[in-house]
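Peer 1:
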Amino acid sequence: MSDPKSLKRLATGLAFIAPNLATFGIFTLIPVLFTLALAFFAWDPFSSPTLVGFDNFNQALGSASFWYYLFNTVIFMLGLPLSMAGSLILALVLSQKLRGTIAYRTLYYLPTVTSGVALLLLWKMMFNKDAGIINLMILPVLRLCGVTCGADDHLIIAADMPDWLRDSWTILGVQVYLAKPALIFMGVWGAIGGGTMLLYLAAVSGVPPELYEAAEIDGAGPWRRFWNITWPMIAPTTFFVIVTGVIGGLQGGFEMAYLMTAGGPEDSTTTIGYHIFVKAFFELQFGYAAAVSVILFALIAGITALNWKFGSKAGSYGT
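Here the sequence shown is numbered in the numbering used here, starting from 108 and rising by one per residue.
(1) Taking the C-alpha atoms as reference points, what is the distance between Val353 and Leu285?
(2) Can you list, in chain order, the residues of its chain whose CB lies under 8 Å from that of Ile182, leaving out five sequence neighbours each side?
(3) So, helix, strand or coil for Phe148, using DSSP?
(4) Please determine, among Trp296, Asn179, Pro343 and Asn235, the residue with the shortest C-alpha to C-alpha distance to Gly313.
(5) Between Ala289 and Leu272, is the Cβ-Cβ spacing less than 8 Å?
(6) In the DSSP assignment, find the beta strand (DSSP E) that holds Asn281 and state where it starts and stops.
(7) At the level of alpha carbons, what is the spacing between Val350 and Ala405?
(8) How is the alpha helix (DSSP H) around Ile349 delimited, first residue to last?
(9) My output table needs one value for Gly257: the three-state DSSP class, helix, strand or coil.
(10) Is the distance from the Cβ of Met232 to the Cβ of Gly239 below 8 Å?
(11) Can you name the residues that DSSP bridges to Ile278?
(12) Just tell me which of Gln358, Pro138 and Leu199 has its CA closest to the CA of Ile379.
(13) Taking the alpha carbon of Ile299 as the point to measure from, which residue in Asn242, Leu217 and Ala225 has its own alpha carbon closest?
(14) Go through its chain and collect everything with a Cβ distance to Val401's Cβ below 8 Å, but skip five positions before and after it.
(15) Kindly indicate the opening and closing residues of the alpha helix (DSSP H) around Phe161.
(16) Please report the Cβ distance between Leu214 and Met304, rounded to the nearest whole angstrom; I am assuming they are in contact, meaning their Cβ atoms lie under 8 Å.
(17) Within 10 angstroms of the Cβ of Leu201, are there 16 or more other Cβ atoms? Answer buried if so, exposed if not.
(18) Going by beta-carbon coordinates alone, are Tyr381 and Gly371 separated by less than 8 Å?
(19) Rounded to whole angstroms, what's the CA-CA distance from Ala322 to Trp330? Just pull it up for me.
Structure, rendered in structure tokens:
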């Protein structure tokens with residue numbers, strides 16, 4: 108390392124990575140350490156911090172509402188397999204040599220680069236009870252089923268039409284809020300055609316065509332070629348999508364809860380992320396919110412470690 112050329116190369120390398128290290132330290136490392144420390148204090152902007160030890164953690168883990176919000180978060184993650192399947196099917200179609208494929212790839216990716224807030228507000232309008240396009244689309248179906256509608260149902264939907272973000276139905280004695288399936292459907296729509304589709308498209312396009320040619324010579328049909336060639340070859344991509352999807356699912360849900368339902372009705376759409384936001388910025392319980400954040404981080408780290416331990420081999424081609 109005493110060689111001047113080596114020192115110069117080291118200095119050049121440090122100069123290139125210094126901005127990234129500084130950004131990581133200021134915007135990631137310091138906030139994480141501050142949150143970890145804050146979790147052991149009771150603090151709001153109008154009083155001095157008070158050391159409370161593990162009280163914030165005990166309060167969170169002993170609260171029924173915390174587990175209910177975690178349950179809501181997991182329920183919203185049920186859309187992950189659907190979005191993965193939809194993205195894979197779309198990638199398989201768009202990987203074919205068809206006319207206008209590039210235009211369709213661009214079209215299906217456009218929602219990803221659109222403002223998330225704008226999309227959520229658009230969906231909120233679509234779910235509107237009186238003039239939303241969702242109810243307008245299902246109105247003919249309800250007519251066939253004998254549901255009574257207003258006299259001028261082309262302009263306004265009758266009072267018995269569902270209010271997707273507020274109503275609840277009782278199914279087999281269980282009260283089910285329509286907001287949950289409505290938001291899951293919206294999430295699946297948003298996930299199909301985005302980054303997951305691009306990952307699958309790259310993976311499918313990277314499968315050697317010689318494998319398909321050999322399979323065709325052996326008489327393998329499309330379905331057999333998919334299961335015996337395509338699916339094993341894209342296994343690493345599927346594993347990556349599952350891991351990142353689980354991480355994103357546990358962290359997500361804040362935007363849709365905040366903009367579309369405010370966590371309601373009856374906290375049925377409140378996720379852990381939205382719960383942290385409410386505790387910190389509405390109730391000013393910064394220590395408790397930090398403790399829930401640390402619990403969420405530990406949960407994500409544990410699930411990710413299990414995924415890597417038990418899923419890495421399954422996500423490797425040829426194992």
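Using N, Cα and C, we set each Cβ at its ideal position, and we do this for glycine too.
None of these values were measured; they are calculated from a predicted model.
Peer 2: Put simply:
(1) The residue labelled residue 353 in the question sits at position 246 within the sequence shown. The residue labelled residue 285 in the question sits at position 178 within the sequence shown. Between the C-alpha atoms of Val353 and Leu285 there is a straight-line separation of about 23 Å.
(2) As a working mapping, residue 182 is identified with position 75 in the sequence shown. Once the five neighbours on either side are set aside, the close Cβ partners of Ile182 are Lys287 and Ile291.
(3) Taking the sequence shown and counting its residues from 1, one reaches residue 148 at position 41. In this structure, Phe148 counts as strand in the three-state DSSP scheme.
(4) In the sequence shown, the residue the question calls residue 313 occupies position 206. Gly313 has its Cα closest to that of Pro343, out of Trp296, Asn179, Pro343 and Asn235.
(5) For the purposes of this step, residue 289 is taken as residue 182 along the sequence shown, with counting starting at 1. For the purposes of this step, residue 272 is taken as residue 165 along the sequence shown, with counting starting at 1. In this structure, the beta-carbon distance from Ala289 to Leu272 falls below 8 Å.
(6) Taking the sequence shown and counting its residues from 1, one reaches residue 281 at position 174. Looking at the sequence itself, residue 281 is Val, so the reference to Asn does not match. Looking at the DSSP string, the run of the beta strand (DSSP E) that includes Val281 is Val281 to Tyr284.
(7) Counting from 1 along the sequence shown, the entry for residue 350 is found at position 243. Counting from 1 along the sequence shown, the entry for residue 405 is found at position 298. Computed Cα separation, rounded: 15 Å.
(8) Along the sequence shown, one-based indexing puts residue 349 at 242. Segment Ala342 to Gln358, the alpha helix (DSSP H) holding Ile349.
(9) Indexing the sequence shown from 1 puts residue 257 at position 150. No answer about Gly257 holds up, because its pLDDT of 45 lies below 50 and its placement is not dependable.
(10) Reading the sequence shown from its first residue, position 125 is the one you call residue 232. Reading the sequence shown from its first residue, position 132 is the one you call residue 239. Cβ atoms of Met232 and Gly239: closer than 8 Å.
(11) Looking up residue 278 in the sequence shown gives position 171. For Ile278, the pairing in a beta bridge is given by DSSP as Val281.
(12) By 1-based counting over the sequence shown, the position of residue 379 is 272. Per the Cα distances, Gln358.
(13) Counted from its first residue, the sequence shown places residue 299 at position 192. Residue Leu217 is the option with its Cα nearest to Ile299.
(14) If you number the sequence shown from 1, residue 401 lands on position 294. Excluding sequence neighbours, Val401 sits near Thr142, Leu143, Ala146 and Phe164.
(15) Looking up residue 161 in the sequence shown gives position 54. Note, Phe161: premise wrong, no alpha helix (DSSP H); not H, not E.
(16) Taking the first residue of the sequence shown as 1, we reach residue 214 at position 107. Taking the first residue of the sequence shown as 1, we reach residue 304 at position 197. About 11 Å separates the two Cβ atoms, so there is no contact after all.
(17) By 1-based counting over the sequence shown, the position of residue 201 is 94. Buried, because 16 or more other Cβ atoms sit within 10 Å of the Cβ of Leu201.
(18) As a position in the sequence shown, residue 381 is number 274, starting the count at 1. As a position in the sequence shown, residue 371 is number 264, starting the count at 1. Between Tyr381 and Gly371, the C-beta gap is not smaller than 8 Å, which leaves the two residues out of contact.
(19) For this step, residue 322 is matched to residue 215 along the sequence shown. For this step, residue 330 is matched to residue 223 along the sequence shown. Each residue's Cα considered, the two are about 11 Å apart.
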